[in-house]
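Working notes, structure below.
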Amino acid sequence: MRTLAVPPAPTFSQRGFTLTELAVVLVIVALLIGGMMMPLSTQQDIAARNNSEKALAEIREALIGFAAANGRLPRPATSATDGTENATICATDAACSGFIPWVTLGTAKLDGYGKLIRYSVTPDYANGTISLTTVANRTVQTRDVAGTVAGLATQVPAVIFSHGKNRWGTSDSGTALADDSATNVDEDANEAGPTSYFSRQAADNTVTTGGEFDDLVILLPANLLFNRMISAGKLP
Ligand SMILES: [Ca+2]
Ligand SMILES: [Ca+2]
Numbered sequence: 231m232r233t234l235a236v237p238p239a240p241t242f243s244q245r246g247f248t249l250t251e252l253a254v255v256l257v258i259v260a261l262l263i264g265g266m267m268m269p270l271s272t273q274q275d276i277a278a279r280n281n282s283e284k285a286l287a288e289i290r291e292a293l294i295g296f297a298a299a300n301g302r303l304p305r306p307a308t309s310a311t312d313g314t315e316n317a318t319i320c321a322t323d324a325a326c327s328g329f330i331p332w333v334t335l336g337t338a339k340l341d342g343y344g345k346l347i348r349y350s351v352t353p354d355y356a357n358g359t360i361s362l363t364t365v366a367n368r369t370v371q372t373r374d375v376a377g378t379v380a381g382l383a384t385q386v387p388a389v390i391f392s393h394g395k396n397r398w399g400t401s402d403s404g405t406a407l408a409d410d411s412a413t414n415v416d417e418d419a420n421e422a423g424p425t426s427y428f429s430r431q432a433a434d435n436t437v438t439t440g441g442e443f444d445d446l447v448i449l450l451p452a453n454l455l456f457n458r459m460i461s462a463g464k465l466p
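Numbering (this note's numbering), first residue to last: 231 to 466.
Right, here's the structure in full:
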């Protein structure tokens, strides 16, 4: 009769973590969390910028749709808290520069930073029916690599823009946000309008020519607007 040899029971050393080992683990965990937190804020900035760009593009489409239906562009919102189109005819360029009429258009009111989206439209494009000879007067400028101002587009019917994350803007409740800079002259120009705007490379450095800049500016070109209005049968 064979007997099976019973292997000896394994022995374990009853040993826990030393304080040094725990400290090392905690340091590693802290480093991992720190490493994840940094990109998280960067990711939020990227998401806010993407959301702003998306909102501006959708508004441009809605503006074209409004013109295709009405033969003209809408005037800006009545106020920061009333998103219906201003019922009063724009008597000046400044009167046709304000906030997007989000209720009339059925679009977003705010950019990715919770600020009201801005809108400036040539009065002749918003007060009456547009024709192929209606002259637009909004201008968009940029800066070349040397910082010199260069024309980007002239005779633009409308400009749609976000003040970006920093400096200027208006909150959802209608509170004006601080400029906070004496060097951001291109952003100051966007705030002031009413006919000339800047669209350029973002910069954090205050000594950059034109100053710090994080605004997002898109324009509605006349040719695009005409093309879509012709397709809709609103222009000959
Ligand atoms: Ca800004
Ligand atoms: Ca300023």
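Even glycine gets a Cβ: it sits at the ideal position worked out from N, Cα and C.
None of the values given here were measured: they were computed from a predicted structure.
The alpha helix (DSSP H) enclosing residue i, as first and last residue numbers
i           : result
residue 397 : Neither: residue 397 is in no alpha helix (DSSP H) and is coded neither H nor E.
residue 314 : Counting along the chain, residue 314 falls outside any alpha helix (DSSP H), though it belongs to the beta strand (DSSP E) covering 312 to 315.
residue 447 : Taken as a continuous stretch (DSSP letters only), residue 447 belongs to no alpha helix (DSSP H), being part of the beta strand (DSSP E) at 446 to 450.
Cβ-heavy atom distance, residue i to ligand 1, below 7 Å
i           : result
residue 445 : yes
residue 332 : no
residue 283 : no
residue 417 : yes
residue 358 : no
residue 473 : An answer regarding residue 473 cannot be provided, because it is not within the stretch 231 to 466 covered by the chain.
8 Å contact criterion, which residue i and residue j should meet: CB distance rounded
i           : j           : result
residue 464 : residue 301 : 5 Å
residue 372 : residue 429 : 6 Å
residue 346 : residue 400 : 5 Å
residue 427 : residue 419 : 7 Å
Counterpart residues of residue i in DSSP-defined beta bridges
i           : result
residue 371 : 381, 428
residue 464 : Paired residue(s): none; residue 464 is not in a bridge.
Element boundaries [beta strand (DSSP E), containing residue i]
i           : result
residue 351 : 348 to 351
residue 329 : 327 to 329
residue 340 : Looking at the DSSP string, residue 340 is not in any beta strand (DSSP E), and its letter there is neither H nor E.
Heavy atom of ligand 2 within 7 Å of residue i beta-carbon
i           : result
residue 426 : no
residue 317 : no
residue 434 : no
residue 341 : no
Is the segment 309 to 326 touching the segment 245 to 261, taking contact as three or more C-beta pairs under 8 Å?
Taking a contact to require three or more Cβ pairs closer than 8 Å, the segment 309 to 326 and the segment 245 to 261 do not qualify as touching.
For the pair the segment 274 to 287 and the segment 383 to 393, tell me if three or more CB-CB distances fall below 8 Å.
Segments in contact, yes.
Would the segment 352 to 367 and the segment 318 to 333 be scored as touching if the rule is three or more Cβ pairs under 8 Å?
As far as the Cβ criterion goes, the segment 352 to 367 touches the segment 318 to 333, which means the pair count is three or higher.
Are there three or more Cβ pairs, one per stretch, closer than 8 Å when the segment 400 to 418 is compared with the segment 331 to 338?
Flag = no, the segment 400 to 418 and the segment 331 to 338 do not touch.
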